[in-house]
Amino acid sequence: MLHIYRSRYFWRIAPVLFVGMGISQGLGTLYVYSWLTDVTGFDGARAASAVGWVILISAVNFALLGPLAEHLGRRGLGAMVLPVTGQVLALVLLCLLAAQFHQGAVPLWVFYTMAAGTSTLAFTALAQAFPVQLIGRAYTAFNLLGFLSTAGAQWLVGAVLDAYPRTATGAAPEGYQTAFIVLAGIQLTATAWFAWASRKPA
Numbered sequence: 232m233l234h235i236y237r238s239r240y241f242w243r244i245a246p247v248l249f250v251g252m253g254i255s256q257g258l259g260t261l262y263v264y265s266w267l268t269d270v271t272g273f274d275g276a277r278a279a280s281a282v283g284w285v286i287l288i289s290a291v292n293f294a295l296l297g298p299l300a301e302h303l304g305r306r307g308l309g310a311m312v313l314p315v316t317g318q319v320l321a322l323v324l325l326c327l328l329a330a331q332f333h334q335g336a337v338p339l340w341v342f343y344t345m346a347a348g349t350s351t352l353a354f355t356a357l358a359q360a361f362p363v364q365l366i367g368r369a370y371t372a373f374n375l376l377g378f379l380s381t382a383g384a385q386w387l388v389g390a391v392l393d394a395y396p397r398t399a400t401g402a403a404p405e406g407y408q409t410a411f412i413v414l415a416g417i418q419l420t421a422t423a424w425f426a427w428a429s430r431k432p433a
């Protein structure tokens, strides 16, 4: 594990992906339902149905990402092109969610989750960078940071929501907006790091 964490290549590609993974998992596991009820005014049944669609389409997306990445790889596309493109798109969609458009809220969550899901393709890039006997440890090193990022995103959103007075129906929409803007800033920083680090020699 120390060998993995000492790798310049790992720290070049990993942050943009484990940050994106952590933010999307943090929001997806705790806050999609409450955002829909607190921000858009969905009732419980409608919000639950929307979350179900987000989960279902996300599962299909995960199943298709691998074959798509293989197809693009055969056409000469680098292993990081699709996941980084996905994270940039996820960042744009997160900003739109921060703007709290009520119309199209569910499609926004669906497409955000699909775009953020490309972070799992980090494993392809990691597999190409380390000896076969270290691939499992590289995956573990990445997943550990992804889970820590998830916990951090969950805590951050909760802390920001607690800083705002609660409304009659739940957390204040302004709290979600502030939290999402902060998360978008963190993801933008990770994306800028990748762009800068990719210009340096391995």
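Residue numbering for the sequence shown follows the numbering used here, starting at 232 and increasing by one per position. Just so it is clear, CB atoms sit at the ideal spot from N, CA and C, and this is done for glycine as well.
Bounds of any alpha helix (DSSP H) do not take in Gln364, whose DSSP letter is neither H nor E. In the three-state DSSP reduction, Phe411 falls in the helix class (H, G or I). For Phe332, the CB contacts under 8 Å within the same chain, skipping 5 residues up- and downstream, are Leu339 in chain order.
The residues Arg368, Ala372, in chain order, have a CB closer than 6 Å to that of Met232 in the same chain once the five nearest residues on each side in sequence are set aside. For the region 267-324, the full-length alpha helix (DSSP H) segments reaching 4 residues or more read 275-305 along the chain. Just measuring C-alpha positions, the residue of Ala426, Phe425, Ile244, Thr398 sitting nearest Val270 is Thr398. Looking at Val250, Tyr240, Pro404, the one whose alpha-carbon comes closest to that of Phe378 is Val250. The region 248-268 makes contact with the region 398-413: 3 or more CB pairs, one atom from each, lie closer than 8 Å.
Distances from the alpha-carbon of Val315 to those of Ala330, Ile417, Pro246, Ile412 put Pro246 closest. Here the alpha carbons of Ile254 and Leu248 stand approximately 10 Å from one another. Exposed is the label assigned to Arg237, since fewer than 16 other Cβ atoms lie within 10 Å of its Cβ.
Taken through DSSP and simplified to helix, strand or coil, Gln331 comes out as coil. Annotation: Thr400 is outside any alpha helix (DSSP H) and is labelled neither H nor E by DSSP. A Cβ-Cβ separation of about 11 Å leaves Gly297 out of contact with Thr349 under the 8 Å criterion. Here Ile366 has Ala358 as same chain residues with Cβ atoms under 6 Å from its own Cβ, once five neighbours each way along the sequence are excluded. A contact is defined here as three or more CB-CB pairs under 8 Å, and the region 386-397 fails this definition with respect to the region 278-295.
When Gly401, Pro396, Thr355 are compared, the shortest CA-CA separation from Phe241 is found for Thr355.
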